[in-house]
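Take a look at the structure below.
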Amino acid sequence: MKEIYFNHDGNIDDLVSYLLLLLAPDIKLIGVSAIDADGYVDPAVEVCRKMTDRFNLRGDQIEIAKSNSRAVNQFPEEWRKAAYSFDFLPLLNQSGKMITKMAEKPAHLDMVEKIMAASQPVTLVMTGPLTDLARALETNPKIADNIEKLYWMGGALDGHGNVIQVNADGTQDWNTFWDPFALERVLQSNIPIQIVGLESSEELPLTDEIRMHWASLREYPAADLVAQGYCLLVNPPTKSVQLYFWDVLTIISVLYPEVILESKKHQIKVITEGLAAGRMEDDPNGREINLVTKADKKLFFKKFDELLLRSK
Numbered sequence: 124m125k126e127i128y129f130n131h132d133g134n135i136d137d138l139v140s141y142l143l144l145l146l147a148p149d150i151k152l153i154g155v156s157a158i159d160a161d162g163y164v165d166p167a168v169e170v171c172r173k174m175t176d177r178f179n180l181r182g183d184q185i186e187i188a189k190s191n192s193r194a195v196n197q198f199p200e201e202w203r204k205a206a207y208s209f210d211f212l213p214l215l216n217q218s219g220k221m222i223t224k225m226a227e228k229p230a231h232l233d234m235v236e237k238i239m240a241a242s243q244p245v246t247l248v249m250t251g252p253l254t255d256l257a258r259a260l261e262t263n264p265k266i267a268d269n270i271e272k273l274y275w276m277g278g279a280l281d282g283h284g285n286v287i288q289v290n291a292d293g294t295q296d297w298n299t300f301w302d303p304f305a306l307e308r309v310l311q312s313n314i315p316i317q318i319v320g321l322e323s324s325e326e327l328p329l330t331d332e333i334r335m336h337w338a339s340l341r342e343y344p345a346a347d348l349v350a351q352g353y354c355l356l357v358n359p360p361t362k363s364v365q366l367y368f369w370d371v372l373t374i375i376s377v378l379y380p381e382v383i384l385e386s387k388k389h390q391i392k393v394i395t396e397g398l399a400a401g402r403m404e405d406d407p408n409g410r411e412i413n414l415v416t417k418a419d420k421k422l423f424f425k426k427f428d429e430l431l432l433r434s435k
């Protein structure tokens, strides 16, 4: 049974990803934490506490850690607000109380504590910036020896990023741009890394058909919550800002590795300065990672549904 520590940055995809981890069979969540990046951290932590109260099917002993890490480059405010809206969804507030506790330590120290105390090497899953892991490694480098593998959603190796602002050239992903130095530190470790980059889930866009499918499953509380959550995101008609299931693919690849049809090993480095800060590049002297390049679309949505339907 996998022991998983999950660190995320609080937007809709991250919160849905946590929901799927709560619903999944045959794993154990040893820790969960949120960082103040793509979503405001305070409502993100509250959402996780409320979802744990409502959907912790396995009965894992979970507390939610709040990160005190700070950005080099902060996400756009209009993106980050979605965490507040999600926190007010009726299904999460029906009981009128929160039972799941916050962890006493900030996320990077909680990560160290939980990983070092684990009974076996930990599967570390991160769907936001890598800053808490980088800080954890600085605090106690020995945690790298107790991490079986890091599954991370972040980066792009095809040169097409999602950062559009004056201090960036557009080749980087936001999870690396938030703190390029964190990725640099993690690449110096010996932790095996599998990456779902921006290019990894191009066959998995969020569509109106998928929204309508979730609407047909409203009798299942988790499906209803997911449908309402994604309603908070407007799916633009332009391909350059199309929304994909980046974070969810990361989670499902952990739970069901057979969903990944193709992946490719790369040796990479990250640029940390200038307009290209946060850009990942191939480098013959770089750190080896495994980049997901193709997923089984049919199986992905089949497993997505199976997890949601466990909530009835």
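Per my numbering: the sequence shown = residues 124 to 435.
Every residue gets a Cβ at the ideal spot worked out from N, C-alpha and C, and that includes glycine.
Every value quoted in this text rests on a predicted model; they were computed, and no experiment measured them.
Between His389, Lys272, Pro252, Leu355, which lies nearest to serine 312 when the distance is taken from Cα to Cα?
It is Lys272.
Based on the DSSP secondary-structure assignment, which residues constitute the bridge partners of lysine 151?
Looking at the DSSP assignment, lysine 151 forms a beta bridge with Glu126.
In the structure shown, what three-state DSSP assignment does aspartate 405 receive?
Three-state result, aspartate 405: strand.
Can asparagine 269 and methionine 249 be called in contact, C-beta distance under 8 Å?
Not in contact: asparagine 269 and methionine 249 (Cβ atoms no closer than 8 Å).
Apply the 10 Å Cβ neighbour rule to isoleucine 153 and answer buried if 16 or more other Cβ atoms are within range, or exposed otherwise.
Isoleucine 153 should be labelled buried.
Relative to the alpha-carbon of arginine 402, which residue among Asn298, Ile127, Ile185 has its alpha-carbon at the smallest distance?
Arginine 402 has its Cα closest to that of Asn298, out of Asn298, Ile127, Ile185.
Looking at the structure shown, is valine 289 part of a helix, part of a strand, or coil, going by DSSP?
Note: valine 289 maps to coil in three-state DSSP.
Between aspartate 183 and tyrosine 128, what straight-line distance do the alpha-carbon atoms span, to the nearest angstrom?
C-alpha separation (whole angstroms): 12 Å.
Does DSSP put asparagine 313 in a helix, in a strand, or in coil?
Three-state DSSP puts asparagine 313 in coil, outside helix and strand.
Could you check what DSSP says for histidine 283 in three-state terms: helix, strand or coil?
The answer is coil: DSSP assigns histidine 283 none of H, G, I, E or B.
Taking buried to mean at least 16 other C-beta atoms within 10 Å of its own C-beta, is methionine 234 buried or exposed?
Flag for methionine 234 reads buried.
With a threshold of 6 Å on Cβ separation, who are the neighbours of leucine 215 within its own chain once the five nearest residues in sequence on each side are excluded?
So the list reads Lys173, once near-sequence residues are dropped.
For valine 319, which beta-bridge partners are listed by DSSP?
The partner list for valine 319 (beta bridge, DSSP) reads Met276.
Within the continuous alpha helix (DSSP H) that includes methionine 234, where are the two ends?
Note, methionine 234: alpha helix (DSSP H), 230-240.
According to DSSP, simplified to helix, strand and coil, what is tyrosine 141?
Here tyrosine 141 sits in helix by DSSP.
Rounded to the nearest angstrom, what separates valine 309 and histidine 231 at their Cα positions?
About 13 Å.
So is lysine 224 buried or exposed if we call it buried at 16+ other beta carbons inside 10 Å?
Exposed, because fewer than 16 other Cβ atoms sit within 10 Å of the Cβ of lysine 224.
For glycine 439, is the classification buried or exposed, using 16 other Cβ atoms within 10 angstroms of its Cβ as the cut-off for buried?
As displayed, the chain neither begins before 124 nor continues past 435, which places residue 439 out of reach and without an answer.
Looking at the structure shown, is asparagine 269 part of a helix, part of a strand, or coil, going by DSSP?
In this structure, asparagine 269 counts as helix in the three-state DSSP scheme.
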